[in-house]
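>
Number of protein chains: 2
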Amino acid sequence: MSTLPSALQAPPSAPDVLGRCRELVRPALAEAVGRLHPWVAEMAAYSFGWCEVGGAPAAAPGGKGVRQALAVLGAEAAGADGRAGVPAAVAVELVHAFSLLHDDIMDGDATRRRRPAVWKAYGTGPAVLAGDALFALAVETLAATPGGPRAVRLLSTALADLVRGQADDLLFAARPFAGPERVTPEEYRVMAEHKTGALLGCAAALGATLGGAPEPAVAALDRAGRHLGVAFQLVDDVLGIWGDPAVTGKPVGGDLRERKKTFPVLAALGSPAARHLPELLACDARTEEAAALIEEAGGRAAALAEARARTAAARALLTELPLAAGAAGELCALLDFLVGRDL
Amino acid sequence: MSTLPSALQAPPSAPDVLGRCRELVRPALAEAVGRLHPWVAEMAAYSFGWCEVGGAPAAAPGGKGVRQALAVLGAEAAGADGRAGVPAAVAVELVHAFSLLHDDIMDGDATRRRRPAVWKAYGTGPAVLAGDALFALAVETLAATPGGPRAVRLLSTALADLVRGQADDLLFAARPFAGPERVTPEEYRVMAEHKTGALLGCAAALGATLGGAPEPAVAALDRAGRHLGVAFQLVDDVLGIWGDPAVTGKPVGGDLRERKKTFPVLAALGSPAARHLPELLACDARTEEAAALIEEAGGRAAALAEARARTAAARALLTELPLAAGAAGELCALLDFLVGRDL
Numbered sequence: 001m002s003t004l005p006s007a008l009q010a011p012p013s014a015p016d017v018l019g020r021c022r023e024l025v026r027p028a029l030a031e032a033v034g035r036l037h038p039w040v041a042e043m044a045a046y047s048f049g050w051c052e053v054g055g056a057p058a059a060a061p062g063g064k065g066v067r068q069a070l071a072v073l074g075a076e077a078a079g080a081d082g083r084a085g086v087p088a089a090v091a092v093e094l095v096h097a098f099s100l101l102h103d104d105i106m107d108g109d110a111t112r113r114r115r116p117a118v119w120k121a122y123g124t125g126p127a128v129l130a131g132d133a134l135f136a137l138a139v140e141t142l143a144a145t146p147g148g149p150r151a152v153r154l155l156s157t158a159l160a161d162l163v164r165g166q167a168d169d170l171l172f173a174a175r176p177f178a179g180p181e182r183v184t185p186e187e188y189r190v191m192a193e194h195k196t197g198a199l200l201g202c203a204a205a206l207g208a209t210l211g212g213a214p215e216p217a218v219a220a221l222d223r224a225g226r227h228l229g230v231a232f233q234l235v236d237d238v239l240g241i242w243g244d245p246a247v248t249g250k251p252v253g254g255d256l257r258e259r260k261k262t263f264p265v266l267a268a269l270g271s272p273a274a275r276h277l278p279e280l281l282a283c284d285a286r287t288e289e290a291a292a293l294i295e296e297a298g299g300r301a302a303a304l305a306e307a308r309a310r311t312a313a314a315r316a317l318l319t320e321l322p323l324a325a326g327a328a329g330e331l332c333a334l335l336d337f338l339v340g341r342d343l
Numbered sequence: 001m002s003t004l005p006s007a008l009q010a011p012p013s014a015p016d017v018l019g020r021c022r023e024l025v026r027p028a029l030a031e032a033v034g035r036l037h038p039w040v041a042e043m044a045a046y047s048f049g050w051c052e053v054g055g056a057p058a059a060a061p062g063g064k065g066v067r068q069a070l071a072v073l074g075a076e077a078a079g080a081d082g083r084a085g086v087p088a089a090v091a092v093e094l095v096h097a098f099s100l101l102h103d104d105i106m107d108g109d110a111t112r113r114r115r116p117a118v119w120k121a122y123g124t125g126p127a128v129l130a131g132d133a134l135f136a137l138a139v140e141t142l143a144a145t146p147g148g149p150r151a152v153r154l155l156s157t158a159l160a161d162l163v164r165g166q167a168d169d170l171l172f173a174a175r176p177f178a179g180p181e182r183v184t185p186e187e188y189r190v191m192a193e194h195k196t197g198a199l200l201g202c203a204a205a206l207g208a209t210l211g212g213a214p215e216p217a218v219a220a221l222d223r224a225g226r227h228l229g230v231a232f233q234l235v236d237d238v239l240g241i242w243g244d245p246a247v248t249g250k251p252v253g254g255d256l257r258e259r260k261k262t263f264p265v266l267a268a269l270g271s272p273a274a275r276h277l278p279e280l281l282a283c284d285a286r287t288e289e290a291a292a293l294i295e296e297a298g299g300r301a302a303a304l305a306e307a308r309a310r311t312a313a314a315r316a317l318l319t320e321l322p323l324a325a326g327a328a329g330e331l332c333a334l335l336d337f338l339v340g341r342d343l
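Protein sequence lines correspond, in order, to chains C and S. Quick note on UniProt numbering: the first sequence kicks off at 1 and runs consecutively. Quick note on UniProt numbering: the second sequence kicks off at 1 and runs consecutively.
Pasting the structure below:
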């Protein structure tokens with residue numbers, strides 16, 4: 001009904017963009033999951049929040065659907081209809097679900113989105129199997145898509161990075177907070193780019209590939225998604241220490257009590273001001289002191305500065321590329337939404 | 001030194017064929033594994049028998065390398081140099097290693113090739129991760145190969161079948177020996193074709209694809225490999241009940257004591273003669289009686305008959321196809337070796 005030219009209209013809000021893309025992708029995702037072995041399909045549907053254990057329909061919270069949105073917007077940014085990006089969207093959501101299923105086993109996380117994790121609800125063996133099936137289905141989905149070869153290469157690179165990032169993350173847990181073996185902030189950034197950034201970059205790049213984008217645009221979207229992944233992880237790290245529990249759903253200082261080696265902690269440990277930090281971290285009762293010391297030693301500021309730099313780098317890539325204006329605007333809206341507009 | 005025309009020479013023995021293919025593939029397989037995260041690469045190398053826990057070199061028994069040999073011979077059967085099949089060989093060996101790592105977790109098998117299984121040696125989480133990494137590496141290897149798209153499609157179909165077969169296998173364990181819910185021999189055949197046959201068929205088909213074979217030959221080799229997989233599984237089932245422990249390395253009647261629903265058992269249960277079999281199977285002390293009753297009720301004969309039929313079907317496909325003579329002979333030698341010449 002508006003008579004404004006579209007370039008002057010405010011871009012849709014990020015939740016609207018996420019909702020639109022979710023609606024667009026859902027039938028194809030459900031169809032793909034429906035091709036799985038029925039038992040495995042139930043585990044997959046449970047993990048997406050579509051059903052309860054036993055198969056009764058449910059509307060439990062799924063993820064935000066960021067990856068599928070990036071894939072759809074990637075196709076639109078290339079000037080194609082968003083539907084061209086749907087196979088990419090399905091593939092990346094399947095890979096994301098696979099990685100959550102297996103990561104929860106590896107990390108011993110019993111809860112996911114306020115429900116029992118799949119391995120808690122169905123058993124470890126079945127959860128391993130369901131993850132494998134989702135992984136295979138993702139590859140199958142892309143391999144069956146015209147224009148698939150380049151797409152499968154992009155996906156396989158992201159998969160390799162994802163696994164590499166998870167390996168580093170697991171190994172970081174076993175390393176000390178102090179001394180020459182400690183994890184450096186740079187190692188952490190690389191891990192986060194692999195574990196979180198690779199699939200976000202892949203999502204946008206895959207969508208753009210299926211939308212017919214030229215190689216430089218595909219590569220730039222991949223890089224933008226990787227920056228977004230690192231920024232998102234660092235903001236999450238800050239929230240995991242200083243976030244409002246009412247908003248994050250996590251206890252205050254939860255990451256510190258779990259002795260997670262997140263970026264603010266690692267950055268602080270590089271400062272002489274934080275030389276007593278390892279002692280504080282070893283003691284459950286001193287979490288608040290630890291948080292204060294991390295902030296004093298510059299850990300919080302370093303994390304936010306890096307997140308800001310990554311967000312700016314992603315935004316610069318998106319604005320410099322010759323992308324379809326609507327999709328570029330929606331990609332930027334998504335970026336603001338995910339890392340916080342007021343960073 | 002021989003002056004006989006090559007068609008009149010006896011084909012090389014199956015162990016020679018396996019050894020030749022192993023030598024041909026080993027450098028590329030080692031190179032691929034070397035691209036993994038170092039920690040994951042060690043778990044992979046351990047699973048191949050190349051090293052001990054901690055990374056010290058070892059020469060522990062690996063697998064026979066049937067899948068890599070099928071890939072190399074598939075390329076040669078298409079008239080290409082065996083080296084054309086090497087990326088296919090690497091991919092299928094990686095997938096096989098992935099499936100063993102994860103299956104051992106799901107089945108709770110603590111030992112593999114007389115050594116602790118990877119999950120026992122390194123932990124469940126790391127073994128899940130290592131399997132994922134091998135899976136991703138397999139896809140990456142094929143996606144990077146010229147002629148990859150058709151190859152990736154073949155691999156993704158086999159992966160989906162593999163996971164489906166494993167799902168059925170896990171679910172069979174929970175079903176009863178008697179009554180309407182019992183597992184039928186037909187269901188078992190389908191499971192075996194998926195779990196064991198799909199990757200053997202894929203190996204030969206992938207090799208042939210990379211060797212430039214036309215589509216009908218690729219499809220026929222895929223079918224032949226699937227027949228081989230079912231035949232191999234059924235022979236293994238027979239050995240698991242009546243095999244010589246000195247040869248099989250397994251205890252007499254081990255499969256019965258573990259209450260495995262193998263083909264001879266399921267086939268026997270279809271006969272009125274076996275109506276007391278479920279009682280015998282429930283009792284560890286009555287394994288010998290159970291084995292005798294399964295034989296009496298025709299379970300052993302049915303398994304061997306089906307294995308024979310599948311072997312004949314595979315051999316017919318191999319002899320009817322216009323394949324390079326040397327490779328076709330070696331494929332048949334492999335078939336005889338795997339399912340037993342005197343079946």
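C-beta atoms are modelled at their ideal positions from N, C-alpha and C, and glycine is treated no differently.
1. How many angstroms separate the CA atom of cysteine 283 (chain S) from the CA atom of histidine 37 (chain C)?
2. Considering only C-alpha positions, which residue in the set S:Ala78, S:His96, S:Ala110 is nearest to glycine 62 (chain S)?
3. With a cut-off of 8 Å on the beta carbons, I'd call alanine 267 (chain C) and alanine 303 (chain C) a contact; round off their distance for me.
4. Measure from the C-beta of proline 149 (chain C) to each C-beta in chain S and report whether the shortest distance is under 8 Å.
5. Are at least three pairs of beta-carbons, each pair with one atom in the region 189-198 of chain S and one in the region 212-221 of chain S, less than 8 Å apart?
6. Relative to the C-alpha of proline 180 (chain S), which residue among S:Tyr122, S:Gly270, S:Asp236, S:Ala274 is closest?
7. Between the alpha carbons of glycine 329 (chain S) and aspartate 16 (chain S), how many angstroms are there, rounded?
8. Can you round the beta-carbon distance between phenylalanine 135 (chain S) and phenylalanine 98 (chain S) to whole angstroms, since I take them to be within the 8 Å contact cut?
9. Which of helix, strand or coil does DSSP assign to arginine 26 (chain S)?
10. Taking the straight line between their C-alpha atoms, what separation do you get for leucine 100 (chain S) and glutamate 187 (chain C)?
11. Exposed or buried, which one is proline 87 (chain S) when buried takes at least 16 other CB atoms within 10 Å?
12. Please check if any C-beta of chain S sits within less than 8 Å of the C-beta of serine 47 (chain C).
13. Any C-beta of chain S sitting closer than 8 Å to the C-beta of tryptophan 39 (chain C)?
14. Residues of chain C with CB under 7 Å from histidine 96 (chain S), in chain order?
15. Check distances from the C-beta atoms of the region 131-150 of chain S to those of chain C and list, in chain order, the residues that come in under 8 Å.
16. By alpha-carbon positions, which one of S:Ala158, S:Asp255, S:Gly147 ends up nearest to alanine 213 (chain S)?
17. Measuring straight from C-alpha to C-alpha, what distance separates alanine 307 (chain C) and phenylalanine 263 (chain C)?
18. Listed from N- to C-terminal order along the chain, which residues in the region 155-175 of chain C have their beta-carbon within a distance smaller than 8 Å of any beta-carbon of chain S?
19. Report yes or no: do the region 104-124 of chain C and the region 116-132 of chain S share at least 3 C-beta pairs separated by less than 8 Å?
20. Taking only runs that begin and end inside the region 187-237 of chain S, name each unbroken alpha helix (DSSP H) of 4 or more residues, in chain order.
21. Using a Cβ cut-off of 8 Å (strictly closer), state whether threonine 124 (chain S) contacts chain B.
22. Given that a residue counts as buried once 16 or more other Cβ atoms are within 10 Å of its Cβ, and exposed if not, what is threonine 185 (chain S)?
23. Tell me which residues share the same chain as leucine 142 (chain C) and place their Cβ nearer than 8 Å to its Cβ, disregarding the 5 neighbours each side in the sequence.
24. Thinking C-beta only, is alanine 204 (chain S) closer than 8 Å to glycine 225 (chain S)?
25. Looking at chain S, which residues of the region 101-116 of chain C have a Cβ within less than 8 Å of any of its Cβ atoms?
26. So is residue 358 (chain S) buried or exposed if we call it buried at 16+ other beta carbons inside 10 Å?
27. Taking beta-carbon pairs under 7 Å, can you tell me which members of the region 183-206 of chain S lie near chain C?
28. I'd like to know whether the C-beta of leucine 129 (chain C) is nearer than 8 Å to at least one C-beta of chain S.
29. For the ligand NAP, is there any heavy atom lying closer than 7 Å to the beta carbon of alanine 325 (chain C)?
30. Counting C-beta neighbours from all protein chains within 10 Å, is the total for threonine 287 (chain C) 16 or more, i.e. buried, or is it exposed?
31. Which of helix, strand or coil does DSSP assign to threonine 262 (chain S)?
32. Does the Cβ-Cβ distance between alanine 274 (chain S) and alanine 246 (chain S) come in under 8 Å?
33. For arginine 67 (chain C), I'd like the list of residues in its chain whose CB is within less than 7 Å of its CB, leaving aside the five on either flank, ordered along the chain.
34. Once the 5 residues before and after residue 400 (chain S) are set aside, which same chain residues still bring their CB inside 6 Å of it?
35. Please report the straight-line C-alpha distance between leucine 171 (chain S) and aspartate 237 (chain S), rounded to a whole angstrom.
36. Would you give the residue range spanned by the alpha helix (DSSP H) that lysine 120 (chain S) belongs to?
On the basis of the data shown:
1. Counting from one through the second sequence, the residue named residue 283 (chain S) turns up at place 283. Counting from one through the first sequence, the residue named residue 37 (chain C) turns up at place 37. When the Cα atoms are used, cysteine 283 (chain S) and histidine 37 (chain C) turn out to be separated by approximately 33 Å.
2. To locate residue 62 (chain S), count along the second sequence from 1; it is residue 62. Checked all of S:Ala78, S:His96, S:Ala110; the closest Cα to glycine 62 (chain S) is S:His96.
3. Stepping through the first sequence from its first residue, residue 267 (chain C) is reached at position 267. Stepping through the first sequence from its first residue, residue 303 (chain C) is reached at position 303. Taking a contact as a CB-CB distance under 8 Å, the pair alanine 267 (chain C) and alanine 303 (chain C) counts as one, their CB atoms being some 6 Å apart.
4. Locating residue 149 (chain C) in the first sequence gives position 149, where the first residue counts as 1. Yes, proline 149 (chain C) counts as interfacial toward chain S.
5. No: fewer than three Cβ pairs fall under 8 Å.
6. In the second sequence, the residue the question calls residue 180 (chain S) occupies position 180. It is S:Gly270 whose Cα lies nearest to the Cα of proline 180 (chain S).
7. The count along the second sequence starts at 1 and reaches residue 329 (chain S) at position 329. The count along the second sequence starts at 1 and reaches residue 16 (chain S) at position 16. Rounded to whole angstroms, glycine 329 (chain S) to aspartate 16 (chain S) spans 13 Å at the Cα level.
8. Within the second sequence, the letter at position 135 stands for residue 135 (chain S). Within the second sequence, the letter at position 98 stands for residue 98 (chain S). About 5 Å separates the two Cβ atoms, so the contact holds.
9. As a first step, residue 26 (chain S) must be located in the second sequence, where it is residue number 26. Judged by DSSP in its simplified three-state form, arginine 26 (chain S) adopts helix.
10. Taking the second sequence and counting its residues from 1, one reaches residue 100 (chain S) at position 100. Taking the first sequence and counting its residues from 1, one reaches residue 187 (chain C) at position 187. Using only the alpha carbons, I get a separation of about 32 Å.
11. Residue numbering aside, residue 87 (chain S) sits at position 87 when the second sequence is read from its first letter. Proline 87 (chain S) counts as buried, since no fewer than 16 other beta carbons sit within 10 angstroms of its beta carbon.
12. As a first step, residue 47 (chain C) must be located in the first sequence, where it is residue number 47. Cβ-Cβ to chain S under 8 Å: no for serine 47 (chain C).
13. As a first step, residue 39 (chain C) is located in the first sequence; it is residue number 39 there, counting from the start. For tryptophan 39 (chain C), the nearest CB of chain S lies under 8 Å from its own CB, placing it at the interface with that chain.
14. For the purposes of this step, residue 96 (chain S) is taken as the residue at position 96 of the second sequence. Result: empty, since nearest Cβ-Cβ is about 14 Å, beyond 7 Å.
15. Within the region 131-150 of chain S, the residues whose Cβ lies closer than 8 Å to some Cβ of chain C are Gly131, Asp132, Ala133, Phe135, Ala136, Leu137, Val139, Glu140, Ala143, Ala144, Gly148, Pro149, listed in chain order.
16. Start at 1 with the first residue of the second sequence, and residue 213 (chain S) comes out as number 213. Each of S:Ala158, S:Asp255, S:Gly147 was checked against the Cα of alanine 213 (chain S), and the nearest Cα belongs to S:Gly147.
17. Taking the first sequence and counting its residues from 1, the one referred to as residue 307 (chain C) is at position 307. Taking the first sequence and counting its residues from 1, the one referred to as residue 263 (chain C) is at position 263. Those two C-alpha atoms are separated by around 11 Å.
18. From the region 155-175 of chain C, only Leu155, Ser156, Thr157, Leu159, Ala160, Leu162, Val163, Arg164, Gln166, Ala167, Asp168, Leu170, Leu171 have a Cβ closer than 8 Å to chain S.
19. Yes: the two stretches touch, three or more of their Cβ pairs being nearer than 8 Å.
20. Along the length of the region 187-237 of chain S, whole alpha helix (DSSP H) runs at least 4 residues long occupy 198-210, reported in chain order.
21. Chain labels in this structure do not include chain B; the protein chains are C and S.
22. By 1-based counting over the second sequence, the position of residue 185 (chain S) is 185. What sits at residue 185 (chain S) in the sequence shown is proline, not threonine. Flag for proline 185 (chain S) reads buried.
23. For the purposes of this step, residue 142 (chain C) is taken as residue 142 along the first sequence, with counting starting at 1. For leucine 142 (chain C), same chain residues with a beta-carbon under 8 Å away, outside a window of 5 residues either side, are Pro87, Ala88, Ala91, Gly148, Ala151, Val152, Leu155, Leu206 in chain order.
24. Position 225 of the second sequence holds residue 225 (chain S). Position 204 of the second sequence holds residue 204 (chain S). Remark: C-beta atoms of glycine 225 (chain S) and alanine 204 (chain S) approach each other more closely than 8 Å.
25. Those residues of the region 101-116 of chain C placed with their C-beta closer than 8 Å to a C-beta in chain S are His102, Ile105, Met106, Asp107, Gly108, ordered along the chain.
26. Residue 358 (chain S) is absent from the structure shown; chain S starts at 1 and stops at 343.
27. Residues: none.
28. Numbered from 1 along the first sequence, position 129 holds the residue referred to as residue 129 (chain C). So yes, leucine 129 (chain C) belongs to the interface.
29. Although the ligand NAP was asked about, the structure shown includes no ligands whatsoever.
30. Here the question's residue 287 (chain C) lines up with position 287 in the first sequence. Counting C-beta atoms within 10 angstroms of its own C-beta, threonine 287 (chain C) has 16 or more neighbours from the protein chains shown and is therefore classed as buried.
31. Position 262 of the second sequence, counting from 1, holds the residue named residue 262 (chain S). The answer is coil: DSSP assigns threonine 262 (chain S) none of H, G, I, E or B.
32. Here the question's residue 274 (chain S) lines up with position 274 in the second sequence. Here the question's residue 246 (chain S) lines up with position 246 in the second sequence. For the pair alanine 274 (chain S) and alanine 246 (chain S), the CB atoms are not nearer than the 8 Å cut-off.
33. Looking up residue 67 (chain C) in the first sequence gives position 67. Excluding positions up to five away in sequence, the list reads Val92, Glu93, His96, Leu199, Leu200, Ala203.
34. It is not possible to answer for residue 400 (chain S), since the shown part of chain S is limited to 1 through 343.
35. The residue given as residue 171 (chain S) occupies position 171 in the second sequence. The residue given as residue 237 (chain S) occupies position 237 in the second sequence. Per the coordinates, the alpha-carbon of leucine 171 (chain S) lies some 18 Å from the alpha-carbon of aspartate 237 (chain S).
36. In the second sequence, residue 120 (chain S) corresponds to position 120, counting from 1. Residue range 118-122 is occupied by the alpha helix (DSSP H) that includes lysine 120 (chain S).
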